Every structure is written in structure tokens, then in C-alpha cells.
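Comments concern the structure below.
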Amino acid sequence: MFDWLQGIPILSIICYVPLLGALFVIFFMRSGNGASIRRFATAVAALDFVISVPLWFAFDRDGDLFQFRESASWIESLGARYEFGIDGIALLLILLTTLLGVLAFLSSWSAIDNREKEYYVFMLLLQTGMLGVFMAMDFFLFYVFWEVMLVPMYFLIGIWGGPRRLYAAIKFFLYTLVGSVLMILGILALYFYNSTGLLGWGGLGNERTFFIPQFHEISAEIPLDLQIWIFLVFFVAFAIKVPMFPFHTWLPDAHVEAPTAGSVILAGVLLKMGTYGFVRFSLPILPEATLQLLPWMAGLAIIGIIYGALVAMAQKDMKKLVAYSSVSHLGFVMLGVFALNTAGLNGGILQMINHGLSTGALFLLVGVIYERRHTRMIADYGGISSVMPKFATIFMIITMSSIGLPVLNGFIGEFTILVGAFNRVWWWALVGVIGIVLGAAYMLWMYQRVFFGNITNPENEGLADLSGREMLYLVPIVVLCFWIGLYPKPFFEILEKPVDYVVTKIDLAENGGLAVIDGRVVEEKLAELEN
Amino acid sequence: MLPFDPQEFLLLAPEIFLTVCALVLLVVGSIGRGLDSRKTAFLSLVGIAVTTGLLFWAHGQSNGLPILAKMFILDNFAFFWKLVFLIATALTILLSVRFIEEGRYRAGEYYSLILLATTGMLFMASGFNLLSIWISLELMALSSYVLAGYFKRETRSNEAAIKYFVLGALSSGFLLYGISLLYGSTGTLNLEQLAGGLINATLNGNLLATVGWILLVIGLFFKIAAVPFHVWTPDVYVGAPTPVTAYLATASKAASFAILIRILYQGLGPLVVEWQVVVAAVAGLSMIWGNVAALTQTNVKRMLAYSSIAHAGYVLLGVLAASEMGLWAAMFYMFAYSFFTLGAFGIVLLLERKEYAGETYSDYAGLARRAPHLAAMMLVFMLALTGIPPTGGFFGKVYLFAAAVEAGWTWVAVIGVLTSAVSLYYYMGVVVQMYFKDADDTTPMPLRAPVLVATLGLCAFVTVLLGLLPGSLVELARSSVISVGWNLF
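Protein chains in written order, with the numbering used here: chain A, 4 to 534; chain B, 19 to 507.
Here's what the structure looks like:
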């Protein structure tokens with residue numbers, strides 16, 4: 004019933020609807036009219052979500068690796084083209100982006116009360132930038148979106164952030180820019196190696212292109228030393244975004260200072276760019292370097308898990324706690340990705356979605372209570388479950404999802420990651436389990452201090468429970484948490500093919516194509532996947 | 019008997035016409051009280067437009083070979099640069115209208131000096147002989163010295179003019195001395211023959227030739243304001259009237275790049291391995307020092323001066339590559355750079371009061387509220403200078419880095435990308451003031467100088483357009499590269 008999607012440039016439409024909305028706001032809406040601007044902007048985000056949902060149904064699970072392809076000429080002299088297309092991984096992340104977009108817009112209604120016009124313009128531009136990153140199949144186009152996205156985020160933190168917003172904003176911008184300017188050198192190295200060659204490495208003599216599948220194609224022909232150089236520059240770019248220890252120091256600042264919606268987008272989507280980068284580029288294009296540097300990557304992931312959890316435990320500020328928990332959770336994702344097997348990658352990617360949902364929700368929840376009391380200190384609360392029962396219930400469900408309780412989404416992700424990690428190196432899984440235990444400790448401890456007991460602070464007695472609008476943006480997340488927790492099969496189905504592809508690439512490098520997956524020799528399988 | 023066909027003079031119609039325009043403006047301006055700034059500016063723009071028309075005509079007539087006893091050449095390379103100069107000059111004239119008007123300066127002299135400098139640039143781009151290049155360069159430079167001191171009653175402007183003159187004369191001395199040594203060792207000033215002569219001279223271990231080309235190149239580095247020959251730049255850029263600063267940072271710099279490239283690629287082509295080392299060092303130093311020094315500035319105009327030093331370093335990356343891509347990347351960049359640099363100086367100009375006030379960072383506080391359209395345009399210019407999409411500055415930089423990587427100069431490209439990340443800090447300093455800080459005075463700024471604002475709008479539009487669809491400009495730059503008979507590729 005969704006066949007008609009194949010005939011129209013649906014990805015471009017999804018990508019540019021927020022941009023058009025932003026232009027409309029800039030030129031046709033008066034800045035004094037905050038109420039109609041926020042309604043309009045939210046409507047645009049909602050429309051974008053609605054038109055992105057059919058992708059889920061129309062995506063052919065057994066079809067091509069990349070679907071909904073769009074192709075047009077762009078910069079001919081370089082061979083850069085306007086190429087859009089998505090695989091299962093990108094599809095999930097796009098849906099996450101459009102969904103969190105709507106929720107973040109809804110949450111901004113009461114949180115943002117000054118300079119609304121600029122705020123919603125930047126939020127809409129940010130949506131376009133993020134969606135473009137996941138849709139681009141041309142490395143150059145990808146890079147353009149990757150950098151464009153930094154600007155609106157910079158403004159969101161810098162204008163509507165907390166007291167130390169200026170410092171946090173420029174730190175965020177500088178950190179991520181350093182990563183991305185190095186990445187462009189890596190991209191250029193691949194580009195020239197594929198065509199005319201660079202430095203001491205003679206080129207492959209192919210046509211000049213930035214087409215990502217072309218780089219996948221030549222992965223086996225890139226010499227190991229070049230692979231390692233490129234891997235390292237990509238690593239800096241992606242590791243800063245994830246963020247992996249020791250590149251994480253921008254994250255607590257940015258998260259704590261950003262407005263609620265900014266934090267939601269930052270944690271929910273922006274951090275996934277880094278992990279997405281690893282899965283899309285580092286692993287399949289540079290498999291040999293990946294294997295070579297595997298111990299380092301896994302080591303940093305493990306340090307991130309434990310370090311993030313320990314630091315989170317010591318936090319007095321709820322938002323900071325959630326921020327550091329992100330470091331720990333993203334460490335999990337990286338551990339899964341670098342397990343380099345089907346289970347690990349499946350779990351890692353699903354956990355990207357899970358983290359987007361649960362951490363996004365946690366930031367929304369902290370935002371809800373901050374708007375009422377203007378404090379995020381755990382010590383200022385206590386016993387508020389008696390005055391805010393709905394809030395306490397949803398917070399509990401999300402907490403459970405975050406610490407990986409069965410029936411909820413976090414469990415599925417973390418368990419699959421652990422299976423993958425165990426299959427790669429058994430003690431990785433052991434460390435992972437310690438991380439889960441620590442995660443349960445800091446989350447539950449915070450929950451206990453905020454919600455249980457008697458109300459100690461009289462200011463908390465009159466707190467109002469969740470409003471209808473707040474329920475509207477929290478309940479969808481809860482529903483999704485249960486869906487993934489109870490019936491994750493559709494998600495794994497959609498991930499099957501792209502994950503298979505990456506794993507096969509790795510196996511080809513690891514075992515020279517002799518490994519057997521699903522009863523077939525790797526090379527045979529790769530050929531089948533690629534056409 | 020002349021050694022050339024007199025009809026070839028016709029091909030110089032654009033240059034001749036522009037000279038006539040400049041002289042006419044000078045005469046008209048000195049009769050009685052002269053024309054006012056608006057009328058003179060309009061006449062100058064008409065002159066530029068006609069010159070551009072003649073340029074297209076002459077370009078169509080030319081066969082791309084040297085003319086007038088091989089003194090000049092009308093190839094695609096020259097054509098591209100001339101377009102850049104004419105565009106930058108036209109934008110400068112548009113920026114100048116108000117400041118001449120408000121300062122009650124004589125309009126005739128000012129515009130005629132700008133046109134004369136531009137004439138010099140047009141000749142520079144076409145120069146095919148070290149002597150004709152040097153004379154055109156002096157025409158440009160002498161006019162610029164006067165322009166830099168145009169605020170006659172301001173000490174800083176006088177200081178700028180004197181400094182510019184003294185150091186400019188010094189660099190001209192370097193140039194001329196280098197030229198004479200090259201002439202002594204090769205017996206020619208023609209760029210084509212110079213290349214052949216240099217092969218012989220260096221084969222025989224001729225020290226004169228080596229000293230000669232190094233002095234020549236140093237003279238040119240002075241003109242493009244590259245480290246360590248940049249010391250005049252900050253003071254001159256800050257002291258000169260802002261439209262003049264904009265002109266020096268764009269048109270004048272572009273013209274110096276045009277002859278630098280012409281001389282390096284054509285005349286010094288055989289010494290490519292030697293000069294690449296020099297250019298790499300100068301490029302690296304310019305990017306590092308220009309950006310680091312800009313970090314500590316509190317005056318926006320001075321910051322832009324240091325940033326223009328850094329940008330000379332970026333363009334040198336393309337020159338360094340000595341490849342087709344390097345060349346068109348440098349040309350693309352100078353084209354795009356002219357728009358966003360003129361734009362940035364235009365905003366500075368618009369906020370200035372009484373000559374120099376209003377130039378510090380804190381004067382930009384709250385601009386996003388007081389004049390949202392100006393703040394938005396400045397944001398575009400700052401992003402372009404940093405090299406963030408979707409602006410022409412982004413593509414320009416990527417092309418330059420790509421050219422350097424392709425040519426094997428990866429370490430210089432690494433310096434380039436890291437220093438562009440550093441530059442984010444001080445460019446965003448302006449944005450922080452405009453968007454994140456509140457001014458004491460929050461009343462909307464009255465819209466003055468509609469011509470100026472429209473010009474800035476045009477600059478911002480082109481900057482963004484080049485950031486979305488750079489293709490056709492790249493094609494133009496590429497076609498301007500291929501036709502030239504360089505000795506390199």
C-alpha cells in the first residue's frame with residue numbers, strides 16, 4: 004500500500020520540510036507572536052514525523068541494502084553528487100529523529116519564553132541537518148550536513164542555555180569542529196586513493212567520486228597503513244561525537260547548559276551520529292584497521308562504561324547525572340559495535356535507539372520538574388511521588404528502561420550487546436555486567452532520593468502533576484519502550500541486512516573470506532548482499 | 019617599424035577605457051565644488067560596467083597569446099582575475115558612497131584613485147613581462163597608499179598611509195632588485211623566456227638567479243600579506259578608511275595573488291621543487307600566526323586584518339599544490355572570499371560612528387535584536403570565513419585542502435584544518451556578542467544607508483549561493499586554468 008513512496012523523492016521531502024518551515028517562520032511570522040510560531044513549528048515537526056512513518060512500512064526488508072534512492076548531479080568537477088538513500092540503520096535513526104523532534108518541540112512550549120522566533124527557526128534547521136546526515140549516501144554531502152548541524156545547536160545552547168552557556172556552547176562547537184575538520188582529510192584520502200592516488204600510495208584509478216558504496220567496495224584494496232591513518236582521523240571525529248572517553252568532556256557541559264529540548268536532541272540524536280559513523284564508515288570501509296585497533300577501541304568503550312557510571316553516581320545535579328549516564332550507555336553501544344559480530348552490532352544499534360528514547364525521556368522529565376521548581380539538585384527534592392504520582396510512574400518506567408529491566412527496551416539492547424561481547428572476548432561481557440549493576444545503582448539511588456520518603460522540603464508540597472501536553476510527549480516514549488521490550492523482532496528484522504553486510508565485511512578481512520555465515524562462504528554472501 | 023601590430027592596442031580597450039574614466043572623474047571632480055559622492059559613485063559604476071563589457075569583448079577577440087611584444091597576455095586566467103577585481107571594485111564603490119558623503123571628502127579624487135588602482139590590477143593580471151608587471155603593480159600600490167591616508171585629519175589614517183608607503187616601497191625594492199638579478203643572470207624579463215633561462219642558469223649553479231627569485235618572491239609575499247612579511251597589515255588595515263581596507267583585503271590581495279601565481283607557475287616553473295618549500299613554510303606560518311594573533315584582538319577590524327593574513331595562508335595552499343586543482347581552488351577561493359570579506363567589512367563600516375568608534379567586539383552586543391538582518395548577514399560572513407557550510411568559504415577551503423592533499427602536502431593541509439578550527443573561536447566571538455549578549459541600548463537600529471545594506475545583502479546572498487551550488491563557478495575557474503600554457507602541468 005505504500006508503493007507510491009518509491010516514485011517520489013520522499014527522503015528529500017522529509018529532510019527539507021523543516022527547512023521550509025524555518026524559512027516560512029523567518030519571512031512570514033512576526034517575532035512578537037510566540038504562540039502561533041510555536042504552534043506552527045510544532046505542526047511542521049509533527050507533519051515531518053507523519054510523512055516519515057510510511058518509510059517504516061514501505062521499506063523492503065528483503066530488498067536492496069539502500070532504498071528510496073535519489074540521485075542528482077551536484078558538483079561535477081569533484082564528482083560529488085546529491086545522493087540520498089537509507090538502509091535499515093538509517094531508517095531507524097530517521098524515525099527516532101523525527102519522533103524526538105516532535106516531542107522536543109512540544110516540551111519547548113513552556114520552557115522557552117524569550118526570542119521564540121529564533122529558537123524555533125534553529126530547532127527546525129537542526130532537524131534538517133540531522134536528517135540529512137542519515138540520508139546522505141555521498142560522503143561530501145554527508146560532511147556538509149554534518150557540519151551544518153553544528154551551527155543551530157551552538158545557538159540553542161548559547162542563547163537559551165543555563166548560566167555557563169557561553170562556555171558550553173563554544174566548547175561544544177570547537178570540540179566537534181576539530182573532529183570534523185580532521186574527518187574531511189580522511190574523506191579526501193579515501194577519495195584520492197580511489198582515484199589518482201595520494202602520497203606514496205598509488206591510486207586505484209577509478210572515477211572520482213564520493214559515493215559511499217564505492218568506498219565500501221574498495222575496502223579490501225586499501226593497504227593497512229593507509230587504513231589505520233584514515234581510521235584514526237575518523238575515530239577522532241566520531242569519538243568526539245559519541246563521546247568516547249577521553250573525548251567526553253564537552254558533553255556534561257553542553258548537556259547541563261542546554262535547554263531541555265536541546266539536551267533531548269543532543270542525547271537522542273546527535274550522539275548517535277558518532278556511533279552511526281563507526282558503523283557506516285569505519286567498520287565496513289576500514290575493516291582491517293578496525294581489527295588491528297580493536298583492543299584500543301574496546302578498551303576505551305569499557306573505560307567509558309565504568310567511568311561514566313562512577314561519575315554519574317557522584318552527581319548531585321539530576322541533569323548532570325543523566326549526562327554522565329550517557330557516557331556510560333554510549334560506551335555500551337560502542338562495546339556492542341566493536342564486538343564486530345551480528346549480535347553485538349544488532350544490540351549496539353538497537354541500544355542507540357533505546358538510549359535515544361530513554362535518555363531523551365529522562366531529560367524531558369528533568370525538564371518538567373525544573374520548570375516547576377527551577378532547581379535540578381537531587382537534595383532539593385524528596386518524597387515527591389506523593390504529590391506527582393503520574394510523574395513518578397513515568398519516571399520509574401523510564402528508569403527501568405534505562406537500567407535494562409526485562410520487559411523494557413533497555414534489556415533487549417544490553418542483553419544482545421553482552422551476547423555479542425561475550426562471543427568476541429568473554430571478559431568484555433563481564434565488565435559490561437558490572438556496568439549494568441553500577442547503572443542500576445545510580446539510577447535507583449537517584450530515584451529513591453527524589454521520589455521516596457516524606458516530603459522534606461515544604462516548597463515541593465504544591466507541585467502540580469503532569470499536564471496534558473506533558474503526557475502527550477512522554478507517553479509515546481513509554482509505549483515505544485514497551486514495544487521494543489516485548490516485541491523487538493521487527494527492529495531486528497530491519498537491521499538484519501545492513502548488520503549482515505558490515506559483519507561480512509569484517510569477516511572477509513579477518514578470515515580472508517573463509518568464514519561461514521548462514522551456511523555460505525563469506526564472499527558468496529557479500530556478492531549476494533551487494534546486488 | 020614596431021615589433022608588434024598596433025591593432026593589438028585595441029585588445030587593451032578595457033584598461034584604456036578605465037584609465038580614461040579615472041581621469042575624467044578627476045577633472046570633473048576638481049571643477050568648482052565637483053559632483054557629490056552619489057553621482058560620482060554612479061559614474062564610476064557605469065565605468066566599471068562598460069569596462070566589464072569591453073573585457074568580455076576583448077576576451078572574445080583574443081587568441082590567448084601574448085600581445086604587444088609579449089608584454090601582456092589575454093588568456094582565460096587573466097580574464098577570471100579581472101572579473102574578480104572588477105566585482106570587488108564595484109562592491110567597494112558601493113560601500114564607499116556613505117563614508118565619502120558623511121566625511122565631506124572630495125568624491126572625484128577618491129573614486130578616480132580607486133579606478134586607477136583597478137586599472138593597475140587589470141594590467142597586473144595580464145602582465146607577461148616582469149617589467150610590465152612591476153609597473154602595473156606600482157600603479158596599484160601608489161593609488162592604494164593615498165587611499166589608505168584618505169582620512170586626512172585622522173592620525174591613525176596618516177600613520178597607516180606612511181607605514182603602508184614605507185613598507186610598500188621596501189617590498190617594491192625587493193621586487194625590483196630581484197627582477198634585476200634575474201635579468202642579469204638570464205638576460206630576459208619575459209616570463210616565457212625566463213623559464214628557459216632559469217633552467218640554464220640553475221644548471222650552472224648561478225647564485226644570482228637563486229637570490230633573484232627569492233627576493234622577487236619575498237616582494238610578492240609582502241603584497242599578499244603573508245607571514246613573516248605581514249607586519250604592515252594590521253596597522254594599515256585598522257587605520258585606513260574601512261571601505262579602503264575592504265578593497266585592500268580583497269581586490270588588492272587578489273591582484274597580488276594573480277601575479278604571484280603567474281610568476282611562480284610561468285617564469286619560475288622550472289624551480290617548482292625549490293619554491294614549493296618556501297611557499298609551504300610561508301603558508302604554514304601565515305595560517306598559524308594569522309589565526310593565533312587574531313584570537314587576542316578586541317577590535318573587529320583588527321581581527322579581520324589578522325584573519326586576512328591567515329586567509330593568504332589558505333590560498334597559498336592552492337598555489338603550493340602546483341596542480342590544476344590547486345590553481346582553480348585558489349581562484350575559486352579568492353572569488354568567494356572577496357564577497358564575504360567585503361561583506362564583513364561592510365558591517366564594520368555600518369556600525370562605525372565618527373570614523374573609528376564602534377569597532378570593538380562589545381559594540382556588536384545585542385545586534386541580533388537591534389538589527390536582525392544585519393546580524394544574520396554578519397553570521398553568514400563569519401561562518402564563511404570559518405569555512406562552515408552552507409557558504410562559499412566552506413567549499414573554497416575544502417578545495418584548497420583537497421588540492422594540498424592531492425599534491426602530497428598533507429602536513430600543510432593538517433595545519434590548515436586545525437587552524438580553521440582555531441579561527442572558529444574568534445569569528446564566533448562576534449556571533450556571541452551579536453546573539454548571546456544584550457546591549458544596554460535595545461532600541462531597533464534605524465535603517466540607514468539602504469545602498470550599503472543592499473550591497474551587503476548581495477554579498478551574503480552570493481556567499482550562500484556559492485555554498486549550495488558552487489558548480490558553475492568551479493567550472494569557470496577550471497576553464498581559466500586549463501587554457502594557460504603553464505610550464506607545470
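Cβ coordinates follow ideal geometry from the N, Cα and C atoms, glycine included. If you're wondering where the values come from, they're calculated on a predicted model, not measured in any experiment.
For S113/A, there are no C-beta contacts with chain B under 7 Å, since the nearest C-beta of that chain is about 22 Å from it. Here DSSP, grouped into helix, strand and coil, assigns S80/B to coil. Taken in chain order, the members of the segment 186–200 of chain A whose beta-carbon sits within less than 8 Å of a beta-carbon on chain B are I187, L188, L191, A192, Y194, F195, T199.
For L36/B, no chain A residue has a C-beta closer than 8 Å to its own C-beta; the minimum C-beta separation is roughly 32 Å. Considering only G285/B, G411/B, A267/B, G489/B, the residue with the shortest C-alpha distance to F240/B is A267/B. Interface criterion not met: the Cβ of L83/B is under 8 Å from no Cβ in chain A. With respect to the 8 Å criterion, S266/A and F366/A are classified as neighbours on the basis of their beta carbons. Rounded to whole angstroms, the separation of the alpha carbons of V340/A and L294/A is 12 Å.
I85/B is bridged by DSSP to F90/B. Between the segment 314–331 of chain A and the segment 250–270 of chain A there are three or more inter-stretch CB-CB distances shorter than 8 Å, so the stretches are counted as touching. With 16 or more other CB atoms across the displayed protein chains lying within 10 angstroms of its CB, L353/A is buried.
The way I'd put it, the segment 149–166 of chain A doesn't touch the segment 47–54 of chain A; fewer than three beta-carbon pairs between them come closer than 8 Å. A residue is called buried once 16 or more other Cβ atoms fall within 10 Å of its Cβ, and A46/A, having fewer, is exposed.
Per DSSP, reduced to three states, the secondary structure at A443/A is helical.
Per DSSP, G385/A lies in no beta strand (DSSP E) segment and is marked neither H nor E. Closest by C-alpha distance to E292/B, out of Y168/B, A340/B, P408/B, is A340/B. Between A362/B and L397/B, the CB-CB gap reaches or exceeds 8 Å. Within the same chain, Cβ atoms closer than 8 Å to the Cβ of I97/A are found at I17, S55, L58, I89, L134, F137, M138, the five residues on either side in sequence being excluded. Taken atom to atom, the span from the alpha-carbon of N218/B to that of V229/B is near 15 Å. Secondary structure at R375/A: helix, using DSSP grouped into helix, strand and coil. When the Cα atoms are used, E156/B and L476/B turn out to be separated by approximately 31 Å.
Looking only at G438/A, D503/A, A395/A, P501/A, the smallest Cα-Cα distance to G456/A is reached by A395/A.
Between the beta-carbon of G350/A and that of A304/A there is about 13 Å, and that puts the pair past the 8 Å contact cut. For R84/A, the three-state secondary structure derived from DSSP is strand.
In this structure, T345/A lies near V506/A, with their beta-carbon atoms less than 8 Å apart.
In terms of CA proximity to L470/B, M395/B leads the group N224/B, Y283/B, M395/B. Per DSSP, the beta-bridge partners of I89/A are Q70/A. The closest CA to that of L469/A, considering only N426/A, F284/A, Q9/A, I372/A, is found on I372/A. Contact check for N317/B against S441/B fails: the beta carbons are separated by 8 Å or more. Flagged as an interface residue toward chain B: F158/A, by a C-beta distance shorter than 8 Å. For E496/A, the uninterrupted alpha helix (DSSP H) segment begins and ends at 492–514. V481/A sits close to I397/A, with the two beta carbons spaced by under 8 Å. Remark: C-beta atoms of R211/A and G82/A approach each other more closely than 8 Å. With respect to chain A, the C-beta atom of I406/B has a partner C-beta closer than 8 Å. With its beta carbon less than 8 Å from one in chain A, G489/B belongs to the interface. Taking the C-beta atoms as reference points, A443/A is found nearer than 8 Å to I406/A.
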